[in-house]
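Heads up: the structure comes next, in structure tokens.
There are 2 protein chains.
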Amino acid sequence: MAALSKSEQAYRLIRERIDSGRYVPGFRLVLAPIAGELGMSVVPVREAIRRLEAEGLVTFELNVGAQVALVEETEYQHTMETLALVEGAATAMVAPDVTEDQLARAARVNERMRQSLANFDPHRFTELNLEFHSVLFEACPNTHILDLVHRGWNRLKVLRDSSFSFVPGRAHESVAEHDEILRLLADRAPALEIELAARN
Amino acid sequence: MAALSKSEQAYRLIRERIDSGRYVPGFRLVLAPIAGELGMSVVPVREAIRRLEAEGLVTFELNVGAQVALVEETEYQHTMETLALVEGAATAMVAPDVTEDQLARAARVNERMRQSLANFDPHRFTELNLEFHSVLFEACPNTHILDLVHRGWNRLKVLRDSSFSFVPGRAHESVAEHDEILRLLADRAPALEIELAARN
DNA sequence: TCCCGTAAAATCGTATATGATTTGAGATAT
DNA sequence: ATATCTCAAATCATATACGATTTTACGGGA
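Here it is in structure tokens:
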């Protein structure tokens with residue numbers, strides 16, 4: 000009925016806790032306690048951690064164990080850079096086939112963002128920001144790039160809580176840039192122009 | 000002395016066999032025989048497969064097992080697209096700090112490629128091609144993007160053997176494009192121009 | 001013939017147990 | 001006071017064993 004292996008359960012729990020910031024970077028992931036908490040043996044937990052290791056969310060050392068990946072100061076910036084790159088590409092790929100409906104939905108989200116500027120909530124704003132872009136790039140035909148975009152957002156979610164930084168004025172610019180992207184899409188502007196606009 | 004866990008050994012073996020084409024796409028990875036062959040139990044093999052799963056090289060189904068990831072016809076193209084994107088970006092990032100030495104080395108590699116055009120060997124050519132680009136992008140400061148470039152090349156290595164396709168005339172163009180990239184780098188051309196040139 | 005149900009084989013999933021490695025605390029010598 | 005050695009505790013790594021699930025083969029009935 001569950002249709003979920005214990006490895007998978009363990010993976011989701013750990014992943015969720017990293018995302019939520021409950022396991023902060025540097026936190027040591029000891030097998031036994033986690034297994035105990037989940038009511039399973041350590042074997043599935045190990046497998047879950049292997050997956051997280053392959054995804055770069057945790058680091059590993061032989062006979063020592065795993066810990067939540069440390070993020071250098073530059074890490075955040077690198078992630079942003081990468082995400083900008085792939086998301087820009089994804090958006091540009093979608094551009095030719097974008098529908099009126101998509102544009103309208105994105106515009107609505109952006110409008111909500113504009114309104115939320117009044118009593119500013121960073122978390123909420125980020126959520127809406129993701130939603131805005133999602134509407135545009137989810138139709139991207141290249142599954143690889145789409146996957147990279149998702150990974151980028153996930154990674155960002157982890158980082159934001161630990162090394163938080165948000166330039167206040169940035170939010171206003173952001174909304175304006177969204178308007179610009181929508182305008183370019185509606186006008187069927189050249190792909191390159193759209194890609195560069197979406198990079199921000 | 001080994002300093003290598005059995006999981007790691009298993010990972011490398013399977014990975015190597017997928018890369019080399021010995022395990023073709025669709026091949027079913029049954030735990031017991033692999034474990035037997037390596038002289039270990041199935042547990043480390045399972046962990047290795049989890050990692051490969053997270054990397055997208057194998058697919059997995061509960062209580063059924065793993066098989067080497069199937070590649071659709073479009074997969075190859077998508078990988079190429081993605082690789083072009085990230086490699087272009089990586090090259091552009093390196094551009095400002097590229098050294099004379101790097102340019103000279105890259106030029107030498109390209110010269111060898113030009114010579115190899117006479118008695119054409121696709122495998123050899125691809126190898127040189129990777130070497131050419133490696134010289135240029137290995138210094139990329141953004142480790143994320145660098146990692147994506149590596150993944151892209153690995154993936155490509157897997158795909159090439161299964162769904163092989165090589166347009167003969169493409170090789171000549173390629174060498175010419177390399178010349179162009181080197182020229183732009185030497186001239187300290189705008190980053191965007193370099194990025195777009197490197198995308199091919 | 002074709003479909004379905006049943007049972008056996010193959011394979012995976014996980015718990016437990018044991019050995020190996022690393023870490024850390026305390027004692028001892030300098 | 002510091003460095004080093006020793007030993008115990010913590011933790012990981014893996015093998016083995018057993019249970020669960022899926023697949024496959026086979027035989028009876030429509």
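Chains as they are written, first to last, in numbering that gives the first Met the number 0: chain Z, 0 to 199; chain C, 0 to 199. The C-beta atom is built at its ideal place from N, Cα and C for all residues, glycine as well.
When DSSP states are grouped into helix, strand and coil, C:G25 belongs to the coil group. The alpha-carbon separation between C:L145 and C:L129 amounts to approximately 13 Å. Around the beta carbon of Z:R50, a 10 Å sphere encloses 16 or more other beta carbons of the protein chains shown; the residue is thus reported as buried. Residues of the stretch 127-147 of chain Z with a Cβ closer than 9 Å to any Cβ of chain C, in chain order: P140, N141, T142, H143, I144, D146 and L147. With contacts defined by Cβ atoms closer than 8 Å, C:L30 and C:V41 form a contacting pair. Bounds of the beta strand (DSSP E) holding Z:A65 are G64 to V67. Neighbours of C:R50 in chain Z, taken as residues whose beta carbon is under 8 Å from its own, are R49, R50, E52 and A53 in chain order. At the C-beta level, C:A103 and Z:A53 stay beyond 8 Å of one another. Per DSSP, reduced to three states, the secondary structure at C:T73 is helical. Distance between Z:A89 and C:M39, taken at the CA atoms: about 44 Å. Three or more Cβ pairs drawn from the stretch 150-158 of chain C and the stretch 71-85 of chain C lie within less than 8 Å of each other, which places the two stretches in contact. As computed with DSSP, Z:T98 is found in no beta bridge at all. In this structure, C:G55 sits away from C:L28, with a CB-CB distance that is not shorter than 8 Å. Within 10 angstroms of the beta-carbon of Z:S6 lie 16 or more other beta-carbons, which makes it buried. Contact annotation for Z:T78 against chain C: H143 [CB-CB distance below 7 Å, chain order]. At a cut-off of 8 Å, the C-beta of C:L84 has a neighbouring C-beta in chain Z. For C:E54, there is no enclosing beta strand (DSSP E), as DSSP marks it with neither H nor E. Ranked by Cα distance from C:G168, the options C:F119, C:E36 and C:I48 are led by C:F119. With respect to chain C, the C-beta atom of Z:L56 has no partner C-beta closer than 8 Å. Under the Cβ criterion of 8 Å, Z:L61 is counted among the residues facing chain C. Less than 8 Å separates the beta-carbon of C:H77 from that of Z:H143.
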